[in-house]
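Chemist:
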Amino acid sequence: MFNDTFKILPKAMDASVLRHKMISQNLSNKNTPNYKRKYVSFEEELNKSIDNNSDQDLKLNTNNSKHITNFKNIDEVNPSVKVDDSKSFENDGNNVDEDKEFSLMIQNSMKYTGLSRLMTYSIQRYNTAVRSGR
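FYI, the numbering for the sequence shown is -10 to 123, going by this note's numbering.
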């Protein structure tokens, strides 16, 4: 009944909310010695999942649960928090770049706004289709 839009958009919005939390946490710890910035990984995994789901010719056939399986399907893709182990330019070992984090926060806010508008539009289209089918 629902297409993948109704699966992907809520997950993307959740990733955006989690990303905002991680950026806020990074900014609040910018003066904490040896703190390593955290980031959210979602879009890369989602793109892999979409690419693999659309390319049906590359499905792996397995006969053992220990064999390598296909990549995750869209339902299995979720945002995850990762630690950035890149080197610090500061002597205290902290790798948070305040300017970069603020830039990421602005990008993320714009992305969330776009996602929420797209979700609203998708729901309106669905409701229109349901009403016209009565």
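Where is the CB? At the ideal position from N, CA and C, for every residue including glycine.
#1: Would tyrosine 110 be called buried (16 or more neighbouring beta carbons within 10 Å of its own) or exposed?
#2: Taking a contact to mean a Cβ-Cβ separation below 8 Å, would you say valine 66 touches glutamate 34 in this structure?
#3: Quick check: the stretch 78 to 95 against the stretch -4 to 5, are there 3 or more CB pairs under 8 Å?
#4: Among the residues of its own chain, which have a CB less than 7 Å from the CB of aspartate 64, if the five just before and after it don't count?
#5: If I measure Cβ to Cβ from lysine 100 and keep anything under 7 Å in the same chain, skipping five residues before and after, which residues do I get?
#6: In whole angstroms, what is the alpha-carbon distance linking tyrosine 28 and glutamine 14?
#7: With distances taken from CA atoms, which of Ser17, Arg120, Val119, Asn97 is nearest valine 85?
#8: Along the chain, where does the alpha helix (DSSP H) that runs through lysine 27 open and close?
Modeler: For this structure:
#1: Sequence index remark: in the sequence shown, residue 110 carries index 121 (1-based). Classification of tyrosine 110: exposed, given that the 10 Å Cβ count is below 16.
#2: Your numbering for residue 66 matches position 77 in the sequence shown. Your numbering for residue 34 matches position 45 in the sequence shown. A contact, by the Cβ cut-off of 8 Å.
#3: no
#4: Translated into positions along the sequence shown, residue 64 becomes position 75. Within the same chain, aspartate 64 has close Cβ partners Lys(-4).
#5: Counting from 1 along the sequence shown, the entry for residue 100 is found at position 111. Hits under 7 Å: Ser5.
#6: Numbered from 1 along the sequence shown, position 39 holds the residue referred to as residue 28. Numbered from 1 along the sequence shown, position 25 holds the residue referred to as residue 14. When rounded, the distance between both Cα atoms is 10 Å.
#7: Mapped onto the sequence shown, residue 85 falls at position 96. Nearest C-alpha to valine 85: Ser17.
#8: Position 38 of the sequence shown holds residue 27. Run containing lysine 27: none in the alpha helix (DSSP H); it sits in the beta strand (DSSP E), 27 to 30.
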